[in-house]
Amino acid sequence: MARNIDGTEISRVMRAEMAQQVAELLAQGIIPGLSVVLVGNNPASQAYVASKTRACEALGMRGQTLNLPEEVSQEELFSVIDRLNQDPAVHGILVQLPLPAHLPYKAVLEHIDPDKDVDGFHPRNAGLAFVGDPRAFIPCTPAGILEMLRRENISTRGRHVVIVGRSLIVSKPLASLLMAPGPDATVTLTHRHTPDLASFTRQADILIVAVGKQNLITRDMVKPGVVVIDVGQNRVEDPGSARGFRMVGDVDFDGVSQVAEAITPVPGGVGPMTITMLLANTLQAARQSAQARK
Ligand code: NAP
Numbered sequence: 007m008a009r010n011i012d013g014t015e016i017s018r019v020m021r022a023e024m025a026q027q028v029a030e031l032l033a034q035g036i037i038p039g040l041s042v043v044l045v046g047n048n049p050a051s052q053a054y055v056a057s058k059t060r061a062c063e064a065l066g067m068r069g070q071t072l073n074l075p076e077e078v079s080q081e082e083l084f085s086v087i088d089r090l091n092q093d094p095a096v097h098g099i100l101v102q103l104p105l106p107a108h109l110p111y112k113a114v115l116e117h118i119d120p121d122k123d124v125d126g127f128h129p130r131n132a133g134l135a136f137v138g139d140p141r142a143f144i145p146c147t148p149a150g151i152l153e154m155l156r157r158e159n160i161s162t163r164g165r166h167v168v169i170v171g172r173s174l175i176v177s178k179p180l181a182s183l184l185m186a187p188g189p190d191a192t193v194t195l196t197h198r199h200t201p202d203l204a205s206f207t208r209q210a211d212i213l214i215v216a217v218g219k220q221n222l223i224t225r226d227m228v229k230p231g232v233v234v235i236d237v238g239q240n241r242v243e244d245p246g247s248a249r250g251f252r253m254v255g256d257v258d259f260d261g262v263s264q265v266a267e268a269i270t271p272v273p274g275g276v277g278p279m280t281i282t283m284l285l286a287n288t289l290q291a292a293r294q295s296a297q298a299r300k
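Numbering-wise (our numbering), the sequence shown opens with residue 7 and increments by one.
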């Protein structure tokens, strides 16, 4: 039976370490501050944003949410971002995705000051991360997965990591980080047009799945002893639960657990790590801004 990789516990330890670092900044008169811009009333986005700002406040950081109406214009949104870009008390800025269709998300992300881009989605940060520059803000989900593997003593060196999905926010940066000197993995990236997906997933020493389809990966698609990281977050109806739904990943957890060495649960795996790395990036932004002022 697979060992559970407990993202909640790893996050608890990391957040306790970060609370120390926040205290050191507070002693220098710096309150690390994250501002989250939320457009519209999507309940899932509202819940994500609330958990991000709550996590900031729990560490003694400043977490602020700016709620904008669904019909906000691009100009109005840009002027809000301009104000945050110029505010020295704001170290990190995050625009919650997805945005309503009338707002061009790429232009919006490019409008954020790259020095405050704690999501790491600005092309400058993506480029810096690609060339291995330590000034880059690394997108939070890939960074969280790497940190999780490191803290669980799961080496990636020389191992075959198969990633399912090729998104810009998870899979592509993850592939680039894993193949870099240090992690030293051999990486295969697969996607919707990959024929016979199982012939690739069965080769994985470490399998990372970031698609958004419940039960995409079943027991017959993995080799015994594999380490499985399930990034997927899918809502399934559950009349028995208070919210009427529950979250599941992309992997058939019960089936795959019978053959895997280790596996992340959903919830309680990658999700908490993503928020923890957002806190880490905000701390990094606050430190870099303090350095720049010296
Ligand atoms: P995305 O941008 O929608 O990308 C999904 C990827 O899956 C695409 O590259 C797509 O391929 C690929 N795909 C779709 N069907 C496939 C199939 N049958 N076989 C192989 N590949 C297939 O999604 P994302 O933003 O990366 O997110 C993926 C999942 O992770 C979602 O459930 C999301 O909610 C979750 N997520 C969780 C966290 C967390 O913190 N836990 C963070 C981010 C995302 P094409 O490119 O060919 O279309």
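C-beta: ideal position from N, C-alpha, C; glycine also.
Computed from a predicted structure; not experimentally measured.
Residue i (DSSP reduced to helix, strand or coil)
i                 : result
aspartate 190     : coil
phenylalanine 206 : helix
leucine 184       : helix
valine 42         : strand
arginine 163      : coil
alanine 22        : helix
arginine 68       : strand
alanine 298       : helix
arginine 89       : helix
asparagine 48     : coil
threonine 288     : helix
valine 242        : strand
Residue i burial status per 10 Å Cβ neighbour count (16 or more: buried)
i                 : result
aspartate 88      : exposed
aspartate 211     : buried
leucine 174       : exposed
phenylalanine 251 : exposed
Cβ distance (whole Å) where residue i is taken to contact residue j below 8 Å
i             : j             : result
isoleucine 11 : threonine 270 : 5 Å
glycine 238   : alanine 216   : 7 Å
histidine 166 : threonine 200 : Histidine 166 to threonine 200, Cβ: 15 Å. No contact.
Proximity of residue i and residue j at Cβ, strictly below 8 Å
i             : j             : result
alanine 268   : valine 233    : yes
glycine 13    : valine 276    : yes
glutamine 220 : aspartate 256 : yes
alanine 286   : methionine 7  : no
aspartate 125 : alanine 291   : no
threonine 224 : aspartate 258 : yes
For residue j and residue i, the rounded distance between their alpha carbons
i             : j                 : result
threonine 288 : threonine 196     : 31 Å
valine 324    : methionine 253    : As shown, the chain starts at 7 and ends at 300. That puts residue 324 outside it, with no answer to give.
proline 187   : phenylalanine 136 : 12 Å
threonine 71  : phenylalanine 84  : 16 Å
glycine 66    : isoleucine 37     : 8 Å
leucine 134   : alanine 142       : 5 Å
arginine 261  : proline 230       : Checking the sequence shown, residue 261 turns out to be glycine, not arginine. If I take the Cα positions, the gap works out to 12 Å.
alanine 61    : glycine 274       : 15 Å
aspartate 202 : isoleucine 160    : 27 Å
valine 55     : proline 49        : 10 Å
valine 129    : aspartate 119     : Correcting the residue type first, residue 129 is proline in the shown sequence and not valine. Near 11 Å, if we compare the C-alpha coordinates of aspartate 119 and proline 129.
Any C-beta of chain B under 8 Å from that of residue i
i            : result
glutamine 80 : Note that chain B does not occur in the displayed structure, where there is just one protein chain.
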